[in-house]
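As they're listed, the protein sequences go chains A and B. Following my numbering, the numbering of the first sequence begins with 157 at its first residue and continues without gaps. Following my numbering, the numbering of the second sequence begins with 34 at its first residue and continues without gaps. Below: the structure, in structure tokens.
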Amino acid sequence: MAKEEALKVIEDVLKSGRTALVEYEAKQVLKAYGLPVPDEKLAKTLDEALKYAEEIGYPVAMKLMSPQILHKSDAKVVMLNIKSPEELKQKWEEIHENARKYRPDAEILGVLIAPMLRPGREIIIGVTEDPQFGHAIMFGLGGIFVEVLKDVTFRIIPITERDTRKMITEIRGYPILAGARGEEPADIDAIVDMLLKVSQLVDELRDYIKEMDLNPVFVYEKGKGAVIVDARIIAKIPEEKKEEIGVEYKERCA
Amino acid sequence: MAEKIVEELRPFFDPKAVAIIGATDKKGKVGNVIFENFRMNKERGIFKGNIYPVNPKLDEIEGYKVYHSVKELPDDTDLAVIAIPAKFVPATMKDIAEKGIKAVVIITGGFGELGEEGKKMEREIYEIAKAHGIRVIGPNCVGVYVPDTGVDTVFLPEEKMDRPKSGPIAFVSQSGAFAAAMLDWAAMAGIGIGKMVSYGNKIDVDDADLMEYFIHDDEIKVATFYIEGVKDGRKFMEAAKKITKVKPVIALKSGRTEYGAKAASSHTGSLAGADTIYDAVFKQTGIIRAEDFEHMFDLAKAFAALGHKLPKGDRIGIITDGGGAGVMASDAVAKFGLKMAELSEDTIKFLKENFPPHAVAGNPTDVVGDTDAERYRIAIEAFTKDPNVDAIVVIVLFQVPLLEEEKIIEILADYQKKTDKPIVAVAMGGRKTDRYARMLEEKGVPVYPTPERGVRAMEGLVRYAEYLRKVKEE
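Here you go:
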């Protein structure tokens, strides 16, 4: 069930001539496997955006989805903390203008209308493919811990619960999750659950997935769960599907 | 499956008859050294099989009949060692296939490592092997060394390279040079090697096959691997997971450079260098990663002696006759993430009652420089009985004046047998210390030249024990 749902998203992307899923698509894949993604909607028009914002409740975040703009912050196509319909209308114009400035040829799939998330401790979960051992899953703390300190750990997929617990405790930054300086401990079980679900997802879709970054993921206090703030998936065309998907893929890329 | 691999690889380690293809009487040539190895071992009564030199140009070497071709070989030949130029190997493989020999060591170099032409020949050889159910070690390797059965394809002559005695350690190395140097060193260090395999370009027999084999090999208590790269990662992991449940595997992985970074487009990809991936593989499969050559054999030695009685936890007790050495050991306990045991009140009381006032009852327990063997015995007795101590590191500075060397050796050996807690010894010093260290090792107590190395070896035992416990829980 989960597999078919996720696969449909990926195959559609491949058929459209792309391998990089935009955030919205990546989150559809993750959602299919029960991973915690925010309740967000893709608005194609301003009217849709206003309607979704109303449904979600202000304040909201807006993120423009374009296959050509993968580094959204650089292109200034992320707008946070939008408090009213008036503000949303104004930012709608601004976000589209920024996108055009950044990449005049950018194909715009829509604007993601998302709830403003309460910040939590930031973690990163990633997947990469090793030529000898196959897919490996990465875990670490987000931000400076991954950028500068490279405080991350890997396991080959599929992983067991024992592996995930060991991964979480073996990074140097573990005390930050365990609750340093009087902070409440983070929801470790939620991290375990996410790691296991990502492992299962990749294991089942191994022929379709090249790389994945869930970054950042906000982890809340024990019992309060976690939420995937941003996500990226690089897909690939499996050998046996090369002919079927490959044709369309080539046409679009030419 | 299990029996299949044992049956397939058996001729490499214990052949009924070995054909040495390319045997020659020209001293120093590869084909001569290998022939001489077998001939000498036969003379010594170690190698019990038949030896058939093969060379079209000779009729006799050292009284042995030389066969002019593989086709002429007697039917009991179950192992062929090839030491002829690369270009002749494919044709020889065809003869071997026809003859029905199922195990081949190809010593010859000049294949895949030299480029496309060599790779083509390797493929050709592999196709023949696969079609006829032949197992191949090599090419471009030093092959196999088994002291118990006298199999020795290492083409470094004995006058240039010592052979180690037999022991419970298996050593597998991709690199032939490394394997040869290691054997030479192990011989000097008194480390026993049960089986050595150097597989070179490993077109067929690989690490996973050997792991599967060692599972069933009762002579082998610990398997060590020097790995440069793995071809079939899944197969490697499957085999590793199986063997580590039964016996410890130690791996030294070279090439800690990052190759994954170039191709990666994601964050994760850029962080996933070859080394981090191997780290993951080792952790998941229970393989103990050695940091360097020294570490690998420090671990192997500990497992060979103590693999049957692993520590129940990570609480280390330290006994020393030198304060500084005790501090060094305590530092090492912290450095390697182990715990200093908190001695029970009974232990402290017992030590205080039996010690002179200037000796230190604690952890470390310092029997101090005027100690005799009896004071050590008291400390060891107390530590083995203390439920808060999981493993014991005994530092013996043999140089102190009143210590009866042979007596302390007897005491350590005696407690090693009596207690279910592993004991490792540390003996720092020179020539005389080295002699006592050897005596201790002969009696089943692994000895290390520094406190840090002793504690680090113990760490290996602790980690492997932890792994086994967790695997059993699942």
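Idealized CB from N, CA, C, for every residue including glycine.
I want to verify the contact list: residues of chain B whose CB lies under 7 angstroms from the CB of residue i, in sequence order.
{"i": "lysine 306 of chain A", "result": "Leu304"}
{"i": "valine 283 of chain A", "result": "Thr301"}
Could you name the residues of chain B that residue i contacts, counting a contact when the two beta carbons are closer than 9 angstroms?
{"i": "arginine 135 of chain A", "result": "Not covered by the structure: residue 135 of chain A. The range shown for chain A is 157 to 410."}
For residue i, go through chain A and note every residue whose CB falls closer than 9 angstroms to its CB, in chain order.
{"i": "glycine 266 of chain B", "result": "Asp286, Pro287, Gln288, Phe289, Gly290 and Ile312"}
{"i": "valine 263 of chain B", "result": "Gln288 and Phe289"}
{"i": "glutamine 207 of chain B", "result": "Here the premise fails: no neighbours, minimum Cβ distance about 14 angstroms."}
Is the beta carbon of residue i sitting closer than 7 angstroms to the one on residue j?
{"i": "isoleucine 53 of chain B", "j": "phenylalanine 68 of chain B", "result": "yes"}
{"i": "glutamate 326 of chain A", "j": "glycine 298 of chain A", "result": "no"}
{"i": "leucine 220 of chain A", "j": "isoleucine 269 of chain A", "result": "no"}
{"i": "valine 267 of chain A", "j": "asparagine 254 of chain A", "result": "no"}
{"i": "leucine 348 of chain B", "j": "aspartate 423 of chain B", "result": "According to the sequence provided, residue 348 of chain B is arginine. The question's leucine does not apply to it. It is a contact, given that the beta carbons lie within the stated cut-off."}
{"i": "valine 87 of chain B", "j": "tyrosine 100 of chain B", "result": "yes"}
{"i": "threonine 175 of chain A", "j": "isoleucine 390 of chain A", "result": "yes"}
{"i": "alanine 362 of chain B", "j": "isoleucine 352 of chain B", "result": "no"}
{"i": "asparagine 83 of chain B", "j": "alanine 130 of chain B", "result": "no"}
{"i": "isoleucine 283 of chain B", "j": "threonine 301 of chain B", "result": "no"}
{"i": "glycine 487 of chain B", "j": "alanine 338 of chain B", "result": "no"}
{"i": "leucine 112 of chain B", "j": "proline 44 of chain B", "result": "yes"}
{"i": "phenylalanine 144 of chain B", "j": "glutamate 155 of chain B", "result": "yes"}
{"i": "threonine 320 of chain A", "j": "valine 302 of chain A", "result": "no"}
{"i": "aspartate 237 of chain B", "j": "alanine 162 of chain B", "result": "yes"}
{"i": "isoleucine 281 of chain A", "j": "leucine 206 of chain A", "result": "no"}
{"i": "lysine 278 of chain B", "j": "valine 39 of chain B", "result": "no"}
{"i": "isoleucine 167 of chain B", "j": "lysine 135 of chain B", "result": "yes"}
{"i": "tyrosine 448 of chain B", "j": "isoleucine 413 of chain B", "result": "yes"}
{"i": "proline 66 of chain B", "j": "proline 190 of chain B", "result": "It is valine, not proline, that sits at residue 66 of chain B in the sequence shown. In this structure, proline 190 of chain B lies closer than 7 angstroms to valine 66 of chain B by Cβ."}
{"i": "lysine 366 of chain A", "j": "lysine 398 of chain A", "result": "no"}
{"i": "alanine 272 of chain B", "j": "methionine 244 of chain B", "result": "yes"}
{"i": "aspartate 195 of chain B", "j": "alanine 212 of chain B", "result": "no"}
By the criterion of Cβ-Cβ separation under 7 angstroms, what are the contact partners of residue i in chain A?
{"i": "isoleucine 310 of chain B", "result": "Asp286, Phe289, Ala292 and Phe310"}
{"i": "alanine 313 of chain B", "result": "Ala292, Phe310, Arg311 and Ile312"}
{"i": "glutamine 432 of chain B", "result": "Here the premise fails: no neighbours, minimum Cβ distance about 40 angstroms."}
For a contact meaning CB atoms closer than 8 angstroms, what does residue i contact in chain B?
{"i": "valine 234 of chain A", "result": "Result: empty, since nearest Cβ-Cβ is about 18 angstroms, beyond 8 angstroms."}
Assuming the contact rule is C-beta atoms closer than 8 angstroms, residue i and residue j should be a hit. Round their C-beta distance to whole Å, please.
{"i": "aspartate 354 of chain B", "j": "leucine 430 of chain B", "result": "5 angstroms"}
{"i": "phenylalanine 204 of chain B", "j": "isoleucine 226 of chain B", "result": "5 angstroms"}
{"i": "glutamate 181 of chain A", "j": "valine 169 of chain A", "result": "6 angstroms"}
{"i": "alanine 346 of chain A", "j": "valine 375 of chain A", "result": "6 angstroms"}
{"i": "valine 459 of chain B", "j": "threonine 483 of chain B", "result": "7 angstroms"}
{"i": "alanine 579 of chain B", "j": "arginine 311 of chain A", "result": "Residue 579 of chain B cannot be examined here, being either before or after the span of chain B that is shown, 34 to 507."}
{"i": "aspartate 261 of chain A", "j": "isoleucine 310 of chain B", "result": "Actually they do not touch by this definition, with Cβ atoms about 37 angstroms apart."}
{"i": "isoleucine 441 of chain B", "j": "tyrosine 409 of chain B", "result": "6 angstroms"}
{"i": "phenylalanine 188 of chain B", "j": "isoleucine 115 of chain B", "result": "So it is not a contact: roughly 12 angstroms between Cβ atoms."}
{"i": "glycine 262 of chain B", "j": "serine 231 of chain B", "result": "Actually they do not touch by this definition, with Cβ atoms about 15 angstroms apart."}
{"i": "isoleucine 212 of chain A", "j": "proline 271 of chain A", "result": "5 angstroms"}
Can you pull the chain A residues whose beta carbon is under 8 angstroms from the beta carbon of residue i, in chain order?
{"i": "methionine 270 of chain B", "result": "Phe289 and Ile312"}
{"i": "glutamine 317 of chain B", "result": "Arg311, Ile312, Ile315 and Asp319"}
At a threshold of 6 angstroms, does residue i count as lining the ligand MN (C-beta to nearest heavy atom)?
{"i": "glycine 338 of chain A", "result": "Looking at this structure, you won't find the ligand MN or any other ligand, since it has none at all."}
- Note down, one range per segment and in chain order, each beta strand (DSSP E) of at least 3 residues found wholly within the segment 166-219 of chain B. Scanning the segment 166-219 of chain B from its first residue to its last, the whole beta strand (DSSP E) runs of 3-plus residues come out as 168-170, 176-179 and 202-206.
- What alpha helix (DSSP H) runs, 4 residues minimum, are completely inside the segment 304-383 of chain A? Inside the segment 304-383 of chain A, DSSP marks whole alpha helix (DSSP H) runs of 4 or more residues at positions 317-326, 330-334 and 344-360, from first to last along the chain.
- Query: Touch check for the segment 480-499 of chain B and the segment 364-371 of chain B: three-plus C-beta pairs under 8 angstroms?
  - Reply: Using a C-beta cut-off of 8 angstroms, the segment 480-499 of chain B makes contact with the segment 364-371 of chain B, since at least three inter-stretch Cβ pairs fall below that distance.
- Item | Three-pair Cβ contact test at 8 angstroms for the segment 391-400 of chain B versus the segment 326-345 of chain B | With a cut-off of 8 angstroms, the segment 326-345 of chain B and the segment 391-400 of chain B do not count as touching, because too few Cβ pairs lie within range.
- Touching or not, the segment 158-165 of chain A and the segment 349-361 of chain A, by the rule of three or more beta carbon pairs under 8 angstroms? Yes: at least three Cβ pairs fall under 8 angstroms.
- Item | Inter-stretch contact (C-beta, 8 angstroms, three-pair minimum) for the segment 146-159 of chain B and the segment 180-189 of chain B | Flag = no, the segment 146-159 of chain B and the segment 180-189 of chain B do not touch.
- Contained alpha helix (DSSP H) runs [length at least 4] in the segment 306-394 of chain B, N- to C-terminal order: Counting only runs of at least 4 residues, the segment 306-394 of chain B fully encloses the following alpha helix (DSSP H) elements, listed from N- to C-terminal order: 307-318, 326-339, 356-368 and 378-387.
- Query: Do the segment 244-257 of chain B and the segment 193-212 of chain B meet, that is, are 3 or more Cβ pairs less than 8 angstroms apart?
  - Reply: Segments in contact, yes.
- Unbroken alpha helix (DSSP H) runs of length 4 or more, entirely within the segment 70-153 of chain B: which are they? Entirely contained in the segment 70-153 of chain B, the alpha helix (DSSP H) runs reaching 4 residues are, in chain order, 122-132.
- Task: Let me know the alpha helix (DSSP H) ranges lying completely inside the segment 209-264 of chain A, each 4 residues or longer, listed in chain order.
- Result: Here the runs fully enclosed are 241-258.
- Task: Report the residue ranges of all beta strand (DSSP E) runs contained in full by the segment 391-450 of chain B; include only those spanning at least 3 residues, in chain order.
- Result: Those beta strand (DSSP E) runs which fall completely within the segment 391-450 of chain B and span 3+ residues are 424-428.
- Please confirm if the segment 425-443 of chain B is in contact with the segment 464-472 of chain B, defined as three or more CB-CB distances below 8 angstroms between the two stretches. With a cut-off of 8 angstroms, the segment 464-472 of chain B and the segment 425-443 of chain B count as touching, because enough Cβ pairs lie within range.
- If we count Cβ pairs, one from each stretch, closer than 8 angstroms, do we get three or more for the segment 312-321 of chain B versus the segment 379-389 of chain B? Short answer: they don't touch.
- Runs of alpha helix (DSSP H) lying entirely within the segment 235-280 of chain B, each at least 4 residues, in chain order: Here the runs fully enclosed are 240-248 and 266-277.
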